[in-house]
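Structure first, commentary second.
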Ligand code: GLU
């Protein structure tokens, strides 16, 4: 078995809160227990929503919490760059491969889910099932000519309707999703030339040799989508470990809007690192 490589993949689109802290703490502990390496990747794919002040804050807050990583934008490592906005070439290469092999098709629809596709779809904002307006009637056969650039068109992954995508989650057990029913043809690239989360995360986890992905349970359905991308690109998928979500008093998933529960706010209220770690149990 290859040595354990885990990752932290925060997006600098807001302050990290207790929910992130719980997932990242688990990721840190699992890497430590396995004597492995933890990689920090700045997922600043979305140019509109990513902010430098949040990047600074997420690094500071995680360090304050006592989480250490061995590779990342601040410490370097063998798989640089660890910042998504600087990894365009890797995403383009994967896009080319997917076009050439007929796994993706161009789409001219303008829908509101497009705007969010550079971000991971946490359950309540998951992409709606695409009705198939631009989907070619038949899956492509033979090699497809690849345009110069993906820009000016959206690109969607054609999911194998009715196929069951099953995997064993290290924490939640056996999971299974039906392509075309639990999720539809999902975005790979946006017409304003921004790669989509589903493509970038697969390309990066594979390139950085991640052996286990630890993240929130609201990305379970995305794991099924990502397995299709791994297979289309001929890449080995990682193991999955999805953590239960932290909920607020009304039962809602903690989100970046819960600023009162941000690590920053808790720290400013005088909570210590030990207090916060105790709150994660
Ligand atoms: N950058 C994503 C987020 O913050 C994480 C996605 C993942 O772990 O795959 O939501």
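In our numbering, the protein residues as written are 13 to 293.
No residue lacks a Cβ here, since even glycine has one placed at the ideal position from N, Cα and C.
Check, Outcome
"Is the Cβ of residue 26 closer than 9 angstroms to any Cβ of chain D?", "Among the chains of the structure shown, chain D does not appear; only one protein chain is present."
"In whole angstroms, give me the CA-to-CA distance for residue 278 and residue 153.", "56 angstroms"
"I need the boundaries of the beta strand (DSSP E) containing residue 189, first residue and last residue.", "185-190"
"Mind checking residue 246: buried by the 16 CB within 10 Å criterion, or exposed?", "exposed"
"For residue 209, which residues from the same chain have a beta carbon less than 7 angstroms from its beta carbon, with the 5 sequence-adjacent residues on both sides left out?", "57, 129, 130, 131, 132"
"Can you give, in chain order, each stretch of the alpha helix (DSSP H) that sits fully within the segment 116-191 and has at least 4 residues?", "125-128"
"May I have all residues whose beta carbon comes closer than 5 angstroms to any heavy atom of the ligand GLU, sorted in chain order?", "21, 23, 55, 132, 213, 227"
"Give the secondary structure of residue 258 by DSSP, where H, G and I count as helix, E and B as strand, and everything else as coil.", "coil"
"Within its chain, find whatever has a CB closer than 8 angstroms to the CB of residue 172; leave out the 5 residues flanking it on each side and keep chain order.", "191, 192, 240"
"Rounded to whole angstroms, what's the CA-CA distance from residue 52 to residue 141? Just pull it up for me.", "32 angstroms"
"Tell me the rounded alpha-carbon separation between residue 101 and residue 93.", "11 angstroms"
"What residue range is occupied by the uninterrupted alpha helix (DSSP H) comprising residue 100?", "100-112"
"Pick out the complete beta strand (DSSP E) segments inside the segment 21-92, 3 residues or longer, and give them in chain order.", "49-52"
"At what residues does the beta strand (DSSP E) containing residue 227 begin and finish?", "224-228"
"Report the option in 174, 29, 17 whose CA atom is closest to the CA atom of residue 274.", "29"
"Check whether the segment 66-74 and the segment 245-260 are in contact - that is, three or more C-beta pairs closer than 8 angstroms.", "no"
"Can you tell me which residues form a DSSP beta bridge with residue 207?", "201"
"Have a look at residue 176 and residue 236 and give me their C-alpha separation to the nearest angstrom.", "9 angstroms"
"Applying the criterion that 16 or more other CB atoms from any shown protein chain within 10 Å of the CB defines a buried residue, is residue 197 buried or exposed?", "buried"
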